[in-house]
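S.K.: Counting in full-length UniProt numbering, the sequence shown runs from 1 upward without gaps.
Each residue gets a CB set at the ideal place from its N, CA and C atoms; glycine is no exception.
If you're wondering where the values come from, they're calculated on a predicted model, not measured in any experiment.
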Amino acid sequence: MHHGGTGTTAAGLRAGVPTLILSTWGDQALWGTQVKRLKVGTARRFSNTTQGSLVADLRRILEPEYVARAREISARMTKPANSASYAADLVENFARRRVG
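1) From residue 87 to residue 51, what distance separates their C-alpha atoms?
2) Restricting to Cα atoms, I'd like to know which of 58, 93, 37 is closest to residue 69.
3) Along the chain, where does the beta strand (DSSP E) containing residue 49 start, and where does it finish?
4) Can you list, in chain order, the residues of its chain whose CB lies under 7 Å from that of residue 59, leaving out five sequence neighbours each side?
5) Beta-carbon within less than 7 Å of residue 53's beta-carbon, same chain only, minus the 5 sequence neighbours each way: which residues are those?
6) Apart from the five residues on each side of it in sequence, which residues of its chain come closer than 7 Å, Cβ to Cβ, to residue 13?
7) From residue 66 to residue 99, what distance separates their C-alpha atoms?
8) Residue 42 bridges to which residues according to DSSP?
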């Protein structure tokens with residue numbers, strides 16, 4: 001359970017655990033939408049959260065399908081040790097296509 005910032009959301013995905021985003025502003029709602037779309041968690045505005053909705057959301061993300069999906073997404077992510085070289089490859093490939 002977190003605010004839904006980019007870094008926190010990425011860390012949760014990389015850890016392979018379901019997430020509950022309670023957004024307050026900015027891009028947090030966007031990441032909440034993506035978490036729901038990927039079926040690795042759920043999200044709502046913090047201001048719309050009640051004790052009942054919090055309990056229901058936590059129970060939901062702890063269901064086996066959310067746990068399995070979170071682990072699946074984590075396994076598909078680029079490993080931190082490979083991130084810089086992968087990003088460099090993407091930039092180089094893009095440059096080759098643009099230059100011809």
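M.R.: Here's the rundown:
1) 42 Å
2) 37
3) Here residue 49 belongs to no beta strand (DSSP E), and DSSP marks it neither H nor E.
4) none
5) 44
6) 40, 73, 74, 77
7) 43 Å
8) 20
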